[in-house]
Structures are given as structure tokens and as C-alpha cells.
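Structure first, commentary second.
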Amino acid sequence: MNPEQRRGAIRRMADETFDIAIIGAGVTGCGAALDAASRGLSVALIDQRDFASGTSSRSSKLIHGGLRYLEQRHFGLVREARHEQALLLTHLCPHLVRPIPFLFPLTHRIWERLYIGAGVWLYDRLAGHPVLPRHRHLSRSAAMHEFPALRSDTLVGGIQYYDAQVDDARHTMTLARSAAQHGAAVATSVRAVGFEKEDGRVCAVRARCLETGSDIVIRARQMINASGVWTERVHGMAGGGHMRVRASKGIHLLVPRDRIRAEGGLILRTRTSVLFVIPWYEHWIIGTTDTSWDLDLDHPAASRADIDYLLTTLNESLSDPLGHDDIVGVYAGLRPLLYGEDDATSQLSREHAVSTADTGLISVAGGKYTTYRVMAKDAVDLAASRLEANVPHCRTDRLPLLGAEGFLDCQARCARLARESGLSKDCVEHLLNRYGSLTLELLALIADRPDLGEPLEGGGSYLRVEALYAATHEGALHLDDLLTRRTRISIETEDRGLRAAEAVCELVAETLGWSPEARERELSHYRARVAAERESQEQHDDRTADAARLGAPDVRTSGRL
């Protein structure tokens, strides 16, 4: 996927009538596009910004059943999520999803070990055929050995269990690439601005290209609204019903790996939810909060109060407390939750719903990242049932994503690939864990241009080839896409990617058709974004943090209503 492919997709959108048009290229929308295209249906997929630019790039990066949902008696949700977890780990994208052990510290003797132990036993049982190691009970000394950073007086023992981790933005983008490979017309920076109707039912979405300001009409026999926290807004444009979705804000912190002495992850109970400490390459991810949000949906802001809450809560358990100076990166995201009876967002439904408006618009909302494939299947099943054709059943449960086929063979040849490419074994492993068998494409680029095998200046462990490949193959259009979602430089480096920005611009300018003025505009936008985020994180409440974050204009503003 690149600018030329995007232009071709937009031409198709203007000329063809599709079986299904999908609004929203988060994980559910991209999953639905792959589901429908792999059934042989013609598909158009649009998003107003980038793949995974909303919730799907700002999660806890976990593929998990949701241990805490057992306490809420959501057994079906946990069973479903554990099944999906196993598919992702073993078949769909083993190059993107990997196991992680978590320690659950016990603070009370006997009763808590029995209570939590029973829950974790059930968690393992709901997984069915074991893909991950089973849980194990630990003494206090054994628990301290697993997570030495804990204060020894805060626990009497522990239970270790396993879940899995994913780079959410990379996984979502890979879904979109896989959908395009199956024939879907895919375009980002295309905003839905309205609908056209025939006999009271939606028959086309009116859209605007935010790169050129041009308008297009995308005709389709069925429409799926998979816009996450924007669901109500899109649903309202079509009329004929109301789907209620509430946004819950969750923030995460990144700190250097050497600031917390441990190998695996940690889960702590809080007054209202749980807190995770998750290993993330050279960093730890700490999160999350769970608070209602009714401000700007495009750019949710983390406040000083959010950050203080996470630090204070975790520091109660650490022998060497963390401070604000330890924080390398911060990100905030919004979860789209279905309205429930309770005002606390931690009690709102994490299950999903698929509904149809009187106008025929199908909306899918709620759910959790792990079960995206089920949400996509349910939406496409409903759309397919209303098409005048015999549509095949879903097959995404046995359809490997790009990079999965051949991954294990490449992994076995890692040392050989390193010798042949001149890269270190660590560099090749880094590429394999991000691209799977597509690593061979990046190595071919390095063979033609050896300078692409060098580290990206200011980009930590990333290589120069990754920035170029993001522009030539992964649909990145802007500097923000490259530093925030194709790589995670914006949250993994202390300067939030400011130094890497210059080098990235130089690498991708020709591919993306940037003039010197366009390059400077991209840099200016990115610098303003970093400054606004930093200012917002010094504000003490949501409203002032939101105002500070909105001080930076969105780079995708052309044709904005």
C-alpha cells in the first residue's frame, strides 16, 4: 500500500458499486474488510485518518481473555476471547503475537490464594486445549524471584499465569494489507461526511479526501459503521435509530526497562479495576486508567492527574519508586463501551453489539481488541444475509495474515539471514517479530541500498529500512503515521521522536511526493503535536488537558468541514 495504490483505490470507489462499504479502519473495520473480501465480496474501506489511529493503536497491547471479567461472571466473553487468543498465537499471526507471563501478587494468606487460584484455574480451563503454559502457585520468595522490584512486605506469595501481547497498530495495519491483497479497495484520509438514500435506505456514503479536498460518492449494497467511539456520530448522519456508545479514557506510561527489575509482567488489583505492568521490548508499559470522557474524540489527552494516579498506585508496591523523570512516553486512548446501567465505566459492557438502523446502516460497537474477528464476522454475516447472493461462510479463523506463512521457517533461518544480510542476529529477530516472513522484502531493500540497514537516527532499535517500507508498502501518508503507528518512536524515545523526524522525512519524501515545503509542514505539524501533548500532560484535569492538546492542528485538515 502506497500513494499510488491509494489513488487507484479512490478511483475504484468513485466508479464501482461495492457489495459492502466499511467506515472506520480500526481493528474491527479492517477485520471486517478482510472477512468480507476473503468471502469473495467487493469491499471499500475508508478512514478519516490512518489505520488504527483511534482506539486500536492505544490499547494495553494485550491479547487476553480478561481475567477480571471472570469476577463479573462474563464467562462467555472470557471463553470467546481465550479461543481467539489461541488462534492468533498459533495460526493467524504468530509473528505479531507472543506469550507473556504475569505475576498476580497475593496479599492475604489462604483465602486469597484459594479465591484467586480458583479464578486462574477457571481461566486456564476456559482456554480449552492449552496453547499457553498453565498457571502455577508461588511462595513469597519465588514471587520475589519473578518480580524482584516488588516490596517484599507487600505480598505473601503469588500466582503466575500467561497471556499474550501484540503491537496493536501493526496488527491492524496488517489486517488492512491482507484485505487489500484479497481485493478490497482501501483508503485512509477519507472522511465520511454524509449518506445518500434510496427509498429511505442508505445506498452510498458521501466522503471527502482530506489530502486533496475532493469529494467522492461511494456506492454499496450494504454499509457497515465500524467507527468505534465515533459510532454515534456516523449513526446519526444516517438517521433512523440511535446506538449509544460511551467513551472511556485509558492512559498508559512507558518507562525504561532497567527502571523495574523483572522479566515478566505484573497485575495489581486497584480500588476499581486492575493495573498492568507489561514488558514492551526495551520499556515497560504501565496502565491503565478507566474514566469517562466527553471531550474531543480525535485526540484524547492524558492529564497530570492521570499520570499521578498510575505512578502513585504502582509505587505502593515497588521497592524503588518511579518518578515523573522516569517516564519516556505517554499515550491516551478511548474505549467505545456500550451503555449500561452503572455510571462507572469499568462496569460498562465489554461485549459487542451489531445493530441495524431503519435506514439499513449496520453498526458494530463495543467489544475488546482480542475479539475483533468475532465482531467483524457478526457484522459481515448480517450484511451478507441481506445481499442477493449465496455468500460463503467466514473463513478468517483459518486465514493467516500477511507475514504469517513462512514465519517459522524464517525464524529457524535467523542466523543465516543475519550472515547473508550483514545485519546482527538481534536486528533480524527485531524484523521477524514485526514483519514475519515479509522480513525478506526488507532484506531485499537493504541488499539494494546497504544504508537502509543502518539504525534510524534518533529511532532507538528501528532501522532506516523500516521507515521507507512503511511508505512504500504499509500505507503511511504522514510523519505522524510513521512515528506513531508504523513505528512506536513517538512513545519509545525521550524526545518523543523529534530527532528521528528529520531522518524519516529525508527517507520517505520522494515516495510520498513531498516538496521541501511539504517536508517542513510535516515537521512543523509533528513538533506542534509533541509540544501540545507535553503541555496537556502538565494540566491537572481533563478539560484543561484537552484544551492544551487541541492547540496543535491536525495534519489531515484539507477539506475539513
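Our numbering numbers the first residue of the sequence shown as 672 and each following residue consecutively.
Quick reminder that beta carbons are idealized off the backbone N, C-alpha and C, glycines included.
Here the structure is a predicted model, which is why all the values come from computation and not from measurement.
(message) Quick check: the Cα distance between residue 1182 and residue 751, rounded to an integer number of angstroms?
(response) Here residue 1182 refers to the residue found at position 511 of the sequence shown. Here residue 751 refers to the residue found at position 80 of the sequence shown. Whole-angstrom Cα-Cα distance: 42 Å.
(message) Taking the beta carbon of residue 689 as the centre, do at least 16 other beta carbons fall within 10 Å, making it buried, or is it exposed?
(response) Position 18 of the sequence shown, counted from the start, is the residue given in the question as residue 689. With 16 or more Cβ atoms within 10 Å of its Cβ, residue 689 is classed as buried.
(request) Can you tell me which of the three DSSP states residue 823 falls into? (result) To locate residue 823, count along the sequence shown from 1; it is residue 152. Correct three-state label for residue 823: helix.
(message) Taking the beta carbon of residue 1236 as the centre, do at least 16 other beta carbons fall within 10 Å, making it buried, or is it exposed?
(response) Because the chain in this structure spans residues 672 to 1232, residue 1236 falls outside the shown range and cannot be described.
(request) Determine contact between the segment 767 to 781 and the segment 800 to 820, defined as no fewer than three beta-carbon pairs at a distance below 8 Å. (result) In short, these stretches touch, since the Cβ pair count reaches three.
(message) Tell me which residues share the same chain as residue 894 and place their Cβ nearer than 6 Å to its Cβ, disregarding the 5 neighbours each side in the sequence.
(response) Here the question's residue 894 lines up with position 223 in the sequence shown. The answer, listed in chain order, is 692, 873 and 1032.
(message) Taking 6 Å as the limit between beta carbons, can you name the residues of its chain near residue 677, skipping five residues before and five after?
(response) By 1-based counting over the sequence shown, the position of residue 677 is 6. Closer than 6 Å at Cβ, skipping near neighbours: 858.
(message) If you measure between the beta carbons of residue 981 and residue 919, is that distance less than 8 Å?
(response) In the sequence shown, the residue the question calls residue 981 occupies position 310. In the sequence shown, the residue the question calls residue 919 occupies position 248. Not a contact, by the Cβ cut-off of 8 Å.
(request) Please confirm whether residue 1190 and residue 1199 have their CB atoms less than 8 Å apart. (result) One-based indexing of the sequence shown puts residue 1190 at position 519. One-based indexing of the sequence shown puts residue 1199 at position 528. Not a contact, by the Cβ cut-off of 8 Å.
(request) Tell me, to the nearest whole angstrom, how far the beta carbon of residue 1002 is from that of residue 1162; I am working on the premise that it is less than 8 Å. (result) One-based indexing of the sequence shown puts residue 1002 at position 331. One-based indexing of the sequence shown puts residue 1162 at position 491. Going by Cβ atoms, the distance from residue 1002 to residue 1162 rounds to 5 Å, so yes, they are a contact pair.
(message) According to DSSP, residue 867 sits in a beta bridge with which residue or residues?
(response) In the sequence shown, counting from the first residue as 1, residue 867 sits at position 196. Residue 867 pairs with 875.
(message) Mapping the DSSP letters down to three states, classify residue 1029 as helix, strand or coil.
(response) Numbered from its first residue, the sequence shown carries residue 1029 at position 358. Looking at residue 1029 - three-state DSSP - the assignment turns out to be coil, as it is neither helix nor strand.
(message) Closer than 8 Å is the cut-off here; do at least three beta carbon pairs connect the segment 700 to 717 with the segment 842 to 855?
(response) As far as the Cβ criterion goes, the segment 700 to 717 touches the segment 842 to 855, which means the pair count is three or higher.
(message) Closest to residue 1022 by C-alpha separation, out of 684, 720, 736 and 673, would be which residue?
(response) Here the question's residue 1022 lines up with position 351 in the sequence shown. Nearest C-alpha to residue 1022: 736.
(request) Give me whichever residues DSSP pairs with residue 808 in a beta bridge. (result) The residue you call residue 808 lines up with position 137 of the sequence shown. In DSSP, residue 808 forms a bridge with 830.
(request) Please state if the CB of residue 862 and the CB of residue 881 are separated by a distance shorter than 8 Å. (result) Position 210 of the sequence shown, counted from the start, is the residue given in the question as residue 881. Position 191 of the sequence shown, counted from the start, is the residue given in the question as residue 862. In this structure, residue 862 lies closer than 8 Å to residue 881 by Cβ.
(request) Figure out for me which residue from 1175, 864, 680 and 1136 has the closest Cα to the Cα of residue 1155. (result) Reading the sequence shown from its first residue, position 484 is the one you call residue 1155. Ranked by how close their Cα comes to the Cα of residue 1155, the residues 1175, 864, 680 and 1136 have 1175 in first place.
(message) Counting beta carbon pairs with one atom in the segment 1066 to 1083 and one in the segment 721 to 741, are three or more of them shorter than 8 Å?
(response) At 8 Å Cβ cutoff, the stretches do not touch.
(request) Count the other C-beta atoms from every protein chain shown that fall within 10 angstroms of the C-beta of residue 866, then say buried if there are 16 or more, exposed otherwise. (result) Locating residue 866 in the sequence shown gives position 195, counting from the first residue. Its Cβ being crowded by 16 or more others within 10 Å, residue 866 is buried.
(request) Could you name the residues that DSSP lists as bridge partners for residue 922? (result) The count along the sequence shown starts at 1 and reaches residue 922 at position 251. Residue pairing by DSSP places residue 922 opposite 1003 in a beta bridge.
(request) Please report how far the alpha carbon of residue 1020 lies from the alpha carbon of residue 916, in whole angstroms. (result) Here residue 1020 refers to the residue found at position 349 when the sequence shown is read from its first residue. Here residue 916 refers to the residue found at position 245 when the sequence shown is read from its first residue. Model confidence at residue 1020 stands at a pLDDT of 43, short of 50, so the residue's coordinates are unreliable; what they give is reported in the following sentence. Rounded to whole angstroms, residue 1020 and residue 916 show a C-alpha spacing of 10 Å.
(message) Looking at chain B, is there any beta carbon in it that lies within less than 8 Å of the beta carbon of residue 791?
(response) Chain labels in this structure do not include chain B; a single protein chain is all it has.
(request) With distances taken Cα to Cα, identify the nearest neighbour of residue 1086 among 909, 1177, 963 and 1102. (result) Against the sequence shown, residue 1086 aligns to sequence position 415. When each option's Cα is compared against that of residue 1086, the closest is 1102.
(request) Kindly indicate the opening and closing residues of the beta strand (DSSP E) around residue 958. (result) Against the sequence shown, residue 958 aligns to sequence position 287. Annotation for residue 958: the continuous beta strand (DSSP E) segment containing it runs 954 to 958.
(request) Starting from residue 941, trace the beta strand (DSSP E) both ways and give me its first and last residue. (result) As a working note, residue 941 is residue 270 in the sequence shown. For residue 941, there is no enclosing beta strand (DSSP E), as DSSP marks it with neither H nor E.
(request) Output yes or no for whether 8 Å exceeds the beta carbon distance between residue 901 and residue 1213. (result) Locating residue 901 in the sequence shown gives position 230, counting from the first residue. Locating residue 1213 in the sequence shown gives position 542, counting from the first residue. Against a cut-off of 8 Å, the Cβ pair of residue 1213 and residue 901 comes out as no contact.
(request) Could you check the C-alpha separation between residue 1138 and residue 1178 for me, to the nearest Å? (result) Looking up residue 1138 in the sequence shown gives position 467. Looking up residue 1178 in the sequence shown gives position 507. Between residue 1138 and residue 1178, the C-alpha separation is close to 7 Å.
(request) Starting from the C-beta of residue 914, find all residues in its chain whose C-beta is less than 7 Å away, skip the five residues before and the five after it, and write them out in chain order. (result) Counted from its first residue, the sequence shown places residue 914 at position 243. Same-chain partners within the cutoff: 902, 903, 906, 1026, 1034 and 1036.
(request) Tell me, please, whether the segment 1113 to 1125 touches the segment 1136 to 1153 by the rule of three or more beta-carbon pairs shorter than 8 Å. (result) In the pairwise beta carbon analysis, the segment 1113 to 1125 is classified as touching the segment 1136 to 1153: at least three pairs are separated by under 8 Å.
(message) Using C-beta distances below 7 Å, list every residue in its chain close to residue 1045, excluding the 5 sequence neighbours before and after it, in chain order.
(response) What you label residue 1045 is simply residue 374 of the sequence shown in a count that begins at 1. 751 and 755.
(request) Mark residue 1149 as exposed unless 16 or more other C-beta atoms lie within 10 angstroms of its C-beta, in which case mark it buried. (result) Taking the first residue of the sequence shown as position 1, residue 1149 is located at position 478. With 16 or more Cβ atoms within 10 Å of its Cβ, residue 1149 is classed as buried.
(request) State buried or exposed for residue 1232, treating a residue as buried only when at least 16 other CB atoms are found within 10 Å of its CB. (result) As a first step, residue 1232 is located in the sequence shown; it is residue number 561 there, counting from the start. Bear in mind that the predicted position of residue 1232 carries a pLDDT of just 28, short of 50, making it unreliable; the figure below should be weighed with that in mind. So residue 1232 counts as exposed.
(request) Please state whether DSSP places residue 1016 in a helix, a strand or coil. (result) Start at 1 with the first residue of the sequence shown, and residue 1016 comes out as number 345. Low confidence applies here, because residue 1016 scores a pLDDT of 40, under 50, leaving its location unreliable and the question unanswered by this model.
(request) Just tell me which of 1188, 928, 675 and 694 has its CA closest to the CA of residue 1050. (result) If you number the sequence shown from 1, residue 1050 lands on position 379. Closest by C-alpha distance to residue 1050, out of 1188, 928, 675 and 694, is 694.
(request) Mind checking which residues open and close the alpha helix (DSSP H) that includes residue 753? (result) Here residue 753 corresponds to residue number 82 of the sequence shown, with the count starting at 1. Residue 753 -> alpha helix (DSSP H) spans 746 to 758.
(request) Taking 8 Å as the cut-off, decide whether the C-beta atoms of residue 1098 and residue 1134 are in contact. (result) Here residue 1098 is taken as the residue at index 427 of the sequence shown, counted from 1. Here residue 1134 is taken as the residue at index 463 of the sequence shown, counted from 1. Going by C-beta atoms, residue 1098 is nearer than 8 Å to residue 1134.
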